[in-house]
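Those protein sequence lines, which keep their order, are chains Y and D. The numbering of the first sequence is my numbering, which starts it at 1 and goes up by one. The numbering of the second sequence is my numbering, which starts it at 1001 and goes up by one.
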Amino acid sequence: MNCQSCQNEFDAYRQGKLSRDVMTSVESHLETCNTCTGIYRQQILAERVIKSEKELQPGLFLSTRVMARIDKLDNEHLKSAPSFARVLKPVLLSASMAAAIAIGIVIGNLQYSGSKSEKIPAELTLIDDAVIESVDVFANE
Amino acid sequence: MADAEIIKLILQGDKEKFALLVGQYQKLVFRTCMGFLHDKDDSEDLTQDVFIQAYQSLPRFRGNAAFSTWLYRIAVNASLNKIRKSPMMLIKQQFDNFAGDKKEGELSVPLTDGEDPETIMIRDEHVKWVQRALDSLPENQRTAIVLSKYDDLPQKEIAEIMDTTEGAVEALLQRAKKNLYKKLAAQRRI
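This is the structure:
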């Protein structure tokens, strides 16, 4: 058995899946070949390290922690309003302010035009703003 | 309850059912993360991230592949991203690659003559050798070996997760093993 064929059988050899003849050939090769013995030992080392890591278990409360994070994420998502609402809020505020101003102007104009239409008393027509009236005008009344 | 049924309920708003999926698959995800990170705490944190990512992406799960296959993909990608983003891990990996290449050659030195592998195992230094050798493998070889050795997946499923053929996975695994033992031998001689 040469080195390559011996190394090809390592997995099966470790798992005890080789026939008796092949197993004997592998073992005799390993007894005489330092290279293959080295590789075989490294394979065992690697397998055992991997096995020890595989045996580690996640913490008992991993599932609880995941669900807590999901709850937190969902709550944050609910708190943060959707984007259209974020845009709509200032637009609505501005629109309501503009509407209030417009209503104020309209009401003011209505009042102004109402007061303007009132009839001017006859005596006030006598007053000429261009000249200073004599006090007698009023004194004679 | 089948995965598809649980997923349907979650998507209908019964998010508490996601705990069932976490409970069922947490070991699988954790093992995959361990294969890449070799640290219990880091792997646990990453496992949580993987499930959060899965929960958020659940509406996009089409059900063409098994849920576990989909979850493996997320776990592998998250692990690779974590490694890529960590500068310390990159530096370590580059150093290991350099050391591995420099020392590549025939494997002639047995680990410790006459020493029981059990004794070798308990030494932290030797554990680190293996971890470093695994970390220094190219990403696709590393993924294949993690899914094969840590998760005990058949080549067919590995091929599905890695979106490649079974033949390609077989070749990857062979190269990965060869590289792993070369790198182990190289580290032994540093």
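Note that beta-carbon positions come from the ideal geometry of N, C-alpha and C, so glycine has one too.
When DSSP states are grouped into helix, strand and coil, residue 1136(D) belongs to the coil group. Along the segment 58 to 83 of chain Y, going in chain order, the ones with a CB nearer than 9 Å to a CB of chain D are 58, 59, 62, 63, 64, 65, 66, 67, 69, 70, 71, 73 and 74. Judged by their CB atoms, residue 1137(D) and residue 1179(D) are nearer to each other than the 9 Å cut-off. At a Cβ-Cβ threshold of 9 Å, residue 1019(D) and residue 97(Y) do not count as neighbours. Contact annotation, residue 1159(D) with residue 1166(D): C-beta distance approximately 5 Å; criterion of less than 8 Å satisfied. Contact residues of the segment 1007 to 1033 of chain D toward chain Y are 1015, 1018, 1019, 1022, 1023, 1026, 1027, 1030 and 1031 (C-beta to C-beta distance below 7 Å).
Distance from residue 1029(D) to residue 1047(D) at the Cβ level is roughly 5 Å; contact confirmed, criterion being Cβ atoms closer than 8 Å. Interface flag for residue 1164(D) against chain Y is unset, since no Cβ pair is found closer than 9 Å.
Chain-ordered listing is empty here: chain Y has no CB closer than 9 Å to the CB of residue 1161(D), the nearest sitting near 18 Å. About 4 Å separates the CB atoms of residue 1184(D) and residue 42(Y); that is less than 8 Å, so the two are in contact. Taking a Cβ-Cβ threshold of 8 Å, the residues of chain D close to residue 49(Y) are 1121, 1126, 1127, 1130 and 1131, in chain order.
Chain order gives the chain Y residues near residue 1047(D) as 58, 62 and 66, where near means a beta carbon separation below 9 Å. A distance below 9 Å separates the beta carbons of residue 50(Y) and residue 1149(D). Put simply, the backbone Cα of residue 112(Y) is about 20 Å away from that of residue 124(Y).
Residue-level contact check: residue 1044(D) touches chain Y, since one or more beta carbons of chain Y fall below 9 Å from its beta carbon. For residue 1008(D), the enclosing alpha helix (DSSP H) begins and ends at 1003 to 1011.
The Cβ-Cβ distance between residue 46(Y) and residue 1134(D) falls below 9 Å. Secondary structure note for residue 1072(D): its alpha helix (DSSP H) is the uninterrupted segment 1067 to 1085.
Looking at the backbone, the Cα of residue 1021(D) and that of residue 1129(D) are separated by about 35 Å. Contact annotation: in the segment 91 to 107 of chain Y, no residue has its CB less than 8 Å from a CB in chain D. The beta carbons of residue 22(Y) and residue 10(Y) sit no closer together than 9 Å. Per DSSP, residue 61(Y) lies in no alpha helix (DSSP H) and is assigned neither H nor E. Rounded to whole angstroms, residue 1031(D) and residue 1056(D) show a C-alpha spacing of 22 Å.
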